[in-house]
Amino acid sequence: MSEAQTAEVQARRFRVPPAAVALVAPEVGMERVARAGRVRGPLLVALSCALLSAGAGVLRVDAKDATLRSMEKAGELQSSSDRQVEDNTRSAERIYLVKRVAGALVEPPLQLGLLCVAIFGLSWFLRGRSEGRAVPPVAAAALLPGAIANLLDAGATFQHVAIAPDGPAALPRTLAQFWTQLAAHPAAPSVMKLLSVFDIFSFWTALLVGFGLIAAGHVPQRRALAGTLIAWLCLRLLTQVAAGGH
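Each residue of the sequence shown is one higher than the one before, starting from 26 at the first, in the numbering used here.
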């Protein structure tokens, strides 16, 4: 092998993956993803980070206080023994474990499928010409902001001695959660709902989808970004305000 070929092989080996480039330079990165990106790498990263976040929650969960509140609300606390309280606590923690692990395994593939559908749908609606082969890698790259959120959430969870199953998120993601952590008192419920619309990592995902739509759907940049962000805002308003999400 010649020196030029050796240098080319080494350059390929140490080249930053296109999906990673897209996180900091979406216009350049998503074009590379659409041209030569893969699904497996980003999907495995998303799965690993989701499982890490779930594992951190399982290791730190303490359902005793939540169980006591639930039993007191149901009028069962006065007539229950310590053994019954412990059994109910362990049962609540097992349910939490199953929900977190199952969610971590299901959510990334499900999100990948939904993002593919969204990109195809937006490309058609915005009068683009989507390339079927380029859409899945673009959708997979758009999973990475959520993976970063899960990774940071795992780190934030490990900073706590214990967390409640129904407690606040360890990592603030929305303006409402930032308000709750920084302000001395919560705002009005209607204001908190509006503040919950803006999720930092969800917005990051929407930006990647917009630039991916330019590369994989051949939609003009202004139309792609405007259409994607409007669709994202409508979805967030529907899920957080109209449907009362958190």
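Every residue gets a Cβ at the ideal spot worked out from N, C-alpha and C, and that includes glycine.
Tell me which same chain residues have a C-beta within less than 7 Å of the C-beta of residue i, skipping the five on either side of it?
{"i": "residue 218", "result": "265 and 266"}
{"i": "residue 271", "result": "Its pLDDT being 49, under 50, residue 271 is placed unreliably in this model, and the value from its coordinates should be taken loosely. Once the five neighbours on either side are set aside, the close Cβ partners of residue 271 are 221."}
{"i": "residue 32", "result": "With a pLDDT of 40 at residue 32, under the threshold of 50, the modelled position of this residue cannot be trusted, and the question is left open."}
{"i": "residue 90", "result": "189"}
{"i": "residue 63", "result": "162"}
{"i": "residue 125", "result": "79, 82 and 83"}
{"i": "residue 53", "result": "46"}
{"i": "residue 51", "result": "232, 233 and 236"}
{"i": "residue 118", "result": "86 and 88"}
{"i": "residue 181", "result": "195 and 196"}
Considering residue i, what are the terminal residues of the alpha helix (DSSP H) in which it resides?
{"i": "residue 80", "result": "65-85"}
{"i": "residue 191", "result": "That residue, residue 191, is in no alpha helix (DSSP H); it is neither H nor E in DSSP."}
{"i": "residue 101", "result": "Per DSSP, residue 101 belongs to no alpha helix (DSSP H) and is neither H nor E."}
{"i": "residue 179", "result": "169-183"}
{"i": "residue 122", "result": "107-150"}
{"i": "residue 52", "result": "51-61"}
{"i": "residue 263", "result": "From DSSP, residue 263 is part of no alpha helix (DSSP H); its letter is neither H nor E."}
{"i": "residue 166", "result": "160-166"}
Have a look at residue i and residue j and give me their C-alpha separation to the nearest angstrom.
{"i": "residue 228", "j": "residue 161", "result": "20 Å"}
{"i": "residue 168", "j": "residue 195", "result": "20 Å"}
{"i": "residue 200", "j": "residue 104", "result": "42 Å"}
{"i": "residue 93", "j": "residue 113", "result": "9 Å"}
{"i": "residue 191", "j": "residue 173", "result": "22 Å"}
{"i": "residue 45", "j": "residue 65", "result": "14 Å"}
{"i": "residue 41", "j": "residue 61", "result": "13 Å"}
{"i": "residue 35", "j": "residue 115", "result": "Only weak support exists for where residue 35 lies, its pLDDT of 46 falling under 50; the coordinates are left without a value."}
{"i": "residue 56", "j": "residue 240", "result": "5 Å"}
{"i": "residue 165", "j": "residue 137", "result": "6 Å"}
{"i": "residue 108", "j": "residue 158", "result": "58 Å"}
{"i": "residue 262", "j": "residue 70", "result": "29 Å"}
{"i": "residue 100", "j": "residue 127", "result": "31 Å"}
{"i": "residue 102", "j": "residue 95", "result": "9 Å"}
{"i": "residue 28", "j": "residue 155", "result": "Only weak support is given to the placement of residue 28: the predicted model assigns it a pLDDT of 49, under 50, and the value that follows is read from those uncertain coordinates. Their Cα atoms are separated by approximately 40 Å."}
{"i": "residue 49", "j": "residue 144", "result": "21 Å"}
{"i": "residue 139", "j": "residue 68", "result": "13 Å"}
{"i": "residue 110", "j": "residue 123", "result": "20 Å"}
{"i": "residue 246", "j": "residue 214", "result": "37 Å"}
{"i": "residue 106", "j": "residue 202", "result": "37 Å"}
{"i": "residue 193", "j": "residue 97", "result": "21 Å"}
{"i": "residue 141", "j": "residue 149", "result": "12 Å"}
{"i": "residue 76", "j": "residue 43", "result": "24 Å"}
Assuming residue i and residue j make a contact with CB atoms under 8 Å, what is their CB distance in whole Å?
{"i": "residue 242", "j": "residue 58", "result": "Not confirmed; about 13 Å, so no contact."}
{"i": "residue 74", "j": "residue 176", "result": "5 Å"}
{"i": "residue 88", "j": "residue 179", "result": "Between residue 179 and residue 88 the Cβ distance is about 19 Å, and since that is not below 8 Å, they are no contact."}
{"i": "residue 254", "j": "residue 47", "result": "The Cβ separation is near 17 Å, so there is no contact."}
{"i": "residue 151", "j": "residue 252", "result": "5 Å"}
{"i": "residue 133", "j": "residue 72", "result": "5 Å"}
{"i": "residue 256", "j": "residue 147", "result": "6 Å"}
Keeping to the same chain, check which residues put their C-beta closer than 8 Å to that of residue i; ignore five residues upstream and five downstream.
{"i": "residue 186", "result": "85"}
{"i": "residue 211", "result": "204, 205 and 217"}
For residue i, I'd like the list of residues in its chain whose CB is within less than 6 Å of its CB, leaving aside the five on either flank, ordered along the chain.
{"i": "residue 170", "result": "226, 229 and 230"}
{"i": "residue 153", "result": "242, 243 and 244"}
{"i": "residue 224", "result": "198 and 199"}
{"i": "residue 78", "result": "175, 178 and 179"}
{"i": "residue 121", "result": "86 and 190"}
{"i": "residue 183", "result": "81"}
{"i": "residue 235", "result": "249, 250 and 253"}
Would you list the one or two residues that DSSP bridges to residue i?
{"i": "residue 199", "result": "224"}
Confirm the yes/no value for this check: CB of residue i, any heavy atom of the ligand FMN, distance under 6 Å.
{"i": "residue 107", "result": "Ligands are entirely absent from the displayed structure, and the ligand FMN is therefore not among its contents."}
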